[in-house]
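Chains U and L, in that order, are what the protein sequence lines are.
For the first sequence, the positions run 0 to 420 when numbering that gives the first Met the number 0 is used.
For the second sequence, the positions run 0 to 409 when numbering that gives the first Met the number 0 is used.
To keep things clear, I will list the structure first and then write my remarks on it.
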Amino acid sequence: MNKLARRAKRRAFELAFRSAGFVSLAFAGGTLILLVVGVLGLGLSAFWRYEVELSVTLDAETLSLADDPTEAELLAADYRGAIREALNERFPEVRETKNLRALQALISPGAEFMLAGRAAKDPGLIGEMVRVRAPVSDDAEMYLKGRIRRSDPPDRRTLTDQQLDWVDAWRADGDVRVAFNGDFLANGDSSYPELAGVAAGVLGSLIAVGLAILIAAPLGVATAVLLEEFAPKNRLTDFLEVNINNLAAVPSIVFGLLGLAAFVVFFGMPRSAPLVGGIVLSLMTLPTIIISSRAALRALPQSLKEGALALGASRLEAVVNPMLPAAAPGIITGVIIGFAQALGETAPLLLIGMVSFVATPPTSVLDPSSALPVLVYLWAESPEIAFVEKTAGAVIVLLSLLLLLNAAAAYARRRFDPYQH
Amino acid sequence: MNGAILVLGLAALSALIAGVRALARRRLASAGGELEMLSDRRGTRFAGRYAGFAALIAALGAGAVVSAVSAGALQPLVAALLAASFAGGWALFSIGPGVDLRRRYEVLVISVLGFIAGIAVLTTLGIFATLIFETLQFFQKSSALDFFFGTEWSPQTAIRKDQVASEGAFGVAPLIAGTLLVSLIAMAVAGPVGVMSAVFINTYANARARTVMKLTLELLAGVPTVVYGFFALLFVGPFVRDGAAAIGALFGAEIDAPAQNALAAGLVTGVMIIPFVSSLSEDVMSAIPRTLPEGAAALGATKAETVLKVVLPAAAPGLIGAFLLAVSRAVGETMIVVMAASRSANLTFDPLERVTTITVQIVALLTGDQEFTSAKTLAAFALGLTLFLITLALNVIALLSVKRFRIRYE
C-alpha cells in the first residue's frame, strides 16, 4: 500500500473514531432532552384545569336540610342533588335518570366539596343562587385538553357522543374557563384524578429525607474524620473501608428488606411511617456522605493542618478548627447530593409500606405517609388515562425539587468556602 | 405524663452535666492547677470539657441501652442520670494538677467517633444477618434445592387455610435468566456509549465542551430511577413494540411483542448507567501517567491509535472494574424493571418477550398486605440474599481490579 493511501485511511479512521465518541455523548444528551421534553409535554397541563360555570340554587329542600342546620349538617348536605338540579336547568332536554347521571359524571365531586365549604362558612347562602366554577371530571378534562378526541373509536373512549356534545355546548357558550390547578400542589392523593395532588407525597418525602439527613450527616462526617485523621493503618480500618465501599454498592432494595425485617417486624416500628423510611434512607446516604467528606478532607493542603499543629493545637483541635470549615464546601455538597439521592429513591420505600393511599399530609414521623417518587410509581400504574398527565406532573415537581437542590449545592460550594471570597 | 417525665429528666440531666463541668473547673483551681490560658492542655477549660463529656456520653449510652429493653421514658432517664453521675464523679476524681486533660478529653471524643464509624459495619452485618435468618426460615418451608435449581417460578400459595392450592413453585432460574438478559442489554448500551463518551471527554473535548458534557452526564445521573421507569413504561416500551412490528412487516413476518418487553427495560437501564460507566472510565483514563499517550503521540500515532493501542490497554484492569460495578448496578436496579418489565416469570432469552427479574419479584412479593411468616414473604428474603451475594461478589472483584490498576500506576 502506498503512503498516501495509508495516510488517508488513518485519517478516515481517526475521524470515524472521534465521531463515535461524539455520537455517544449526543446519544446521552439526546435521551436526556427526549426525557425532559416528553415529561414536560405530558405533564405541564397538570398545572391547569378546566372549570364550568354553574348557577346552583342552594334550595334547602333539594339539599334535604332542616331549619337552622348545624355546621356538620351543612357540610354533609346533598350538594350532588343541587348540582344535578342546576345541570338539569342548563340542559332542560335531558330527562331520563340515566342521561342525567351521565351529565353529572362530567362534573367533578370537587364541586360538591367547594359548595359544602362555602355554605358551611356562610349559612346565609342557603336558599340563594350561587355561581360556582365547578372543576370538570377527569374524562371531560382529558377531552378539553385534547387527550380524548371525538375521532377516537367510541368503544375505546370513556365518554359517549352525547357527553361530548354537552361539553361542546358549554364550550360554545363560553362557560368553560381555564384556571391554575392549585389543588394539584395543595391536595393529597385522591382516587379522582382531577382532585389528586402531590402535597402529601412531597411532605412525606421531605420528612423522611430530612430525618435521613439529620441522622446520616453527623454520623457520616464523624466517620470520615475518624478514617481520614485518626484511624491507625491496620486490619480493622481496612475492614471498615471495605465495608463502607460495599455498602455504597448494595442495591437499594436490599436496604428495604433490612428496614422491613429489622425495624418494622423486629423492633415493631409502624409500617408506612416516615420514621422507618428516614432510617432506611439514612443508611443508604451514609456511604455517600462518608466518601465525599473524606475526599473533601483529603483535598485540603497539608500546610493547613501542619500550621495548626505547629501553633500547639492537638490533632482534634486542628480538625475542628481549620480543617472542617475549610472542607465545608465539599462536605455540604456531599450532603446535598445525598439528600437528592434519598429524595429520588423509591424501591426501599415500597417495601416498608410507604405505598399506602394517603389523602391527608402526615403531621408526625409516625403517621402513615407516602413519598413523592412512590406517588409517581402509584399513579403510573393507575389505569385512568388522566393519571398519565398527573404522573408526569408529579415527575416535574420531583425534578424541579432536585434541580433546586443541585442549585443549592452549587451555591453552597461557593458560599461556605472560607478561602475563596 | 411521659412527656412531662421526659422534659423533667432531660432538665435534670443537663443540670447534672453543667454541675459536673463547674465542679471540675473548681476542683482543678482549688487544687492549685494552672490558670486558664489560651489552650492549656492542663487548664480548667479542659477539666470542664473532660468531665462534662464523660458524663454526657455515659448518659447517652445508658439511656440508649435501657430504652432498647424497656418501654416508657422513666427507666432510661433514671439509668442515664445514674450513669452520668458515676462517670462524672469518676472523671472529677481523676482530675488534678499536671494531668493532661486535653489528651483525656480527646481520647473520649475519638472513641465516640470510632463507635459511630462502627455503624457502617453494623449495617452490613445487620443486612447479612437479616437475610440469612429469613432465608433459613424459608428453606424450612420450601426446599433449597428447588429454589436454586428449579426452573419454575409461580409463588401462588393458598390464601385461606381451607383452600386446596398448590404449594407454589420457587425456582429462581427464570428470574436469574431475566435479570441476566436485562443486564446484558443494559451493558450493551452503557458499555460502548459510556466508554466512548469518556474517551471523547478525555481526548477530544476542549475545556468548554468538557464542562457542558460533564454537566449533561451529571444531570442524567441525577434523574431518579422511577422517572426512568415512567419513561420506559410510556415511551420506550410501546416504541420497541411498534418498532419490532414495523421491522417484522418489512421482512414479511408478524412480530407481536408486548409493550412490557425485556428490550425496553434493558435499554432504559442502560441509559441510566451510562453516566456511571463514563465517569468511572474517565477517572481510570486520567489516572494513567501522561507520558504514555504523549509517548505514543511523539511516535506519530493519531489520537484514535493512541487511545486504542495505548490508553485503553493500559486502563483495561480499571475499565473491567468499572464495568463490573456497572453490571452490579444493573442487576440491583429495581424501579425501571418493576415498571417496564413483566411480573410473570418466563425462562427465555428472547429480548422481545416478557421477562421478570429478581428485584421485580421482591417488590411483587412484598407489596400489599401479607402475613410475614408465609413462604411467599420469606421467599423475597431468599431472593434478597441471592441479589446481595451476586452484587457483593461483583463489587469485591471490581474493587480488587481497580486497586490493582491503581497500584500499577501510582
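Think of the CB as a built atom: it goes at the ideal place given N, C-alpha and C, for glycine as much as any other residue.
- Residue 256(L) is positioned such that its CB atom lies no closer than 8 Å to that of residue 231(L).
- Judged by DSSP in its simplified three-state form, residue 60(U) adopts coil rather than helix or strand.
- Any Cβ of chain L closer than 8 Å to the Cβ of residue 13(U) would place that residue at the interface, and such an atom is present.
- Listed in chain order, the alpha helix (DSSP H) elements of length 4 or more contained wholly in the stretch 301 to 337 of chain L are 302 to 305, 311 to 331.
- Judged by DSSP secondary structure, residue 90(L) falls outside any beta strand (DSSP E) and instead within the alpha helix (DSSP H) spanning 73 to 93.
- Counting C-beta atoms within 10 angstroms of its own C-beta, residue 3(L) has fewer than 16 neighbours from the protein chains shown and is therefore classed as exposed.
- Residue 191(L) sits in a helix when the DSSP states are folded into three classes.
- The Cβ-Cβ distance between residue 187(U) and residue 357(U) falls below 8 Å.
- Taking 8 Å as the upper bound for CB-CB distance, residue 221(U) and residue 115(L) are in contact here, some 4 Å apart.
- Collapsing the DSSP output to three states places residue 191(U) in coil.
- In chain L, no part has a C-beta under 8 Å from the C-beta of residue 213(U); the shortest such distance is about 14 Å.
- Closest option to residue 219(U), judged by alpha-carbon separation, among 85(U), 287(U), 172(U): 287(U).
- Taking 8 Å as the cut-off, the Cβ atoms of residue 260(L) and residue 352(L) count as close.
- Taking a contact to require three or more Cβ pairs closer than 8 Å, the stretch 331 to 343 of chain U and the stretch 400 to 419 of chain U qualify as touching.
- Residue 415(U) carries a coil assignment under DSSP once its states are collapsed to helix, strand and coil.
- Residues of chain L whose Cβ lies closer than 7 Å to the Cβ of residue 203(U) do not exist; the shortest such Cβ separation is about 15 Å.
- About 11 Å separates the beta carbon of residue 317(U) from that of residue 296(U), a gap too long to meet the 8 Å contact definition.
- Residue-level contact by beta carbon holds for residue 358(L) and chain U, with a gap shorter than 8 Å.
- Note on the stretch 124 to 166 of chain U: whole beta strand (DSSP E) runs with a minimum of 3 residues are 128 to 134, in chain order.
- Around residue 352(U), the same chain offers 270, 271 as residues with beta carbons nearer than 7 Å, after the five sequence neighbours per side are excluded.
- Here residue 169(L) carries a strand assignment [DSSP, helix/strand/coil].
- Proximity of chain L to residue 372(U) at the Cβ level (cut-off 9 Å) is accounted for by 223, 224, 225, 226, 334, in chain order.
- Residues of chain L whose Cβ lies closer than 8 Å to the Cβ of residue 17(U) are, in chain order, 199, 203, 302, 303.
- By the C-beta criterion, the stretch 263 to 282 of chain L is judged not to be in contact with the stretch 248 to 255 of chain L, since fewer than 3 inter-stretch pairs fall below 8 Å.
- Spatial neighbours of residue 382(U) in its own chain (CB-CB distance under 7 Å, excluding positions within 5 residues in sequence) are not present.
- Note on residue 131(U): 16 or more other CB atoms within 10 angstroms of its CB, so buried under the neighbour-count rule.
- Boundaries of the alpha helix (DSSP H) harbouring residue 14(L): 1 to 29, taken from the DSSP string.
- Here residue 178(U) carries a strand assignment [DSSP, helix/strand/coil].
- What residue 113(L) touches in chain U, judged by beta-carbon distance under 7 Å, is 225, going in chain order.
- Taking 8 Å as the cut-off, the Cβ atoms of residue 273(L) and residue 193(L) count as close.
- By the CB criterion at 8 Å, residue 323(L) and residue 393(L) fall inside the cutoff.
- Boundaries of the alpha helix (DSSP H) around residue 237(L): 236 to 249.
- A distance of 8 Å or more separates the beta carbons of residue 329(L) and residue 142(L).
- By the Cβ test, the stretch 73 to 83 of chain L is not in contact with the stretch 112 to 130 of chain L, since fewer than three Cβ pairs between them sit closer than 8 Å.
- Between the stretch 304 to 319 of chain L and the stretch 333 to 343 of chain L, the count of C-beta pairs closer than 8 Å stays below three; the two stretches do not touch.
- In chain order, 119 make up the part of chain L whose C-beta sits under 8 Å from the C-beta of residue 243(U).
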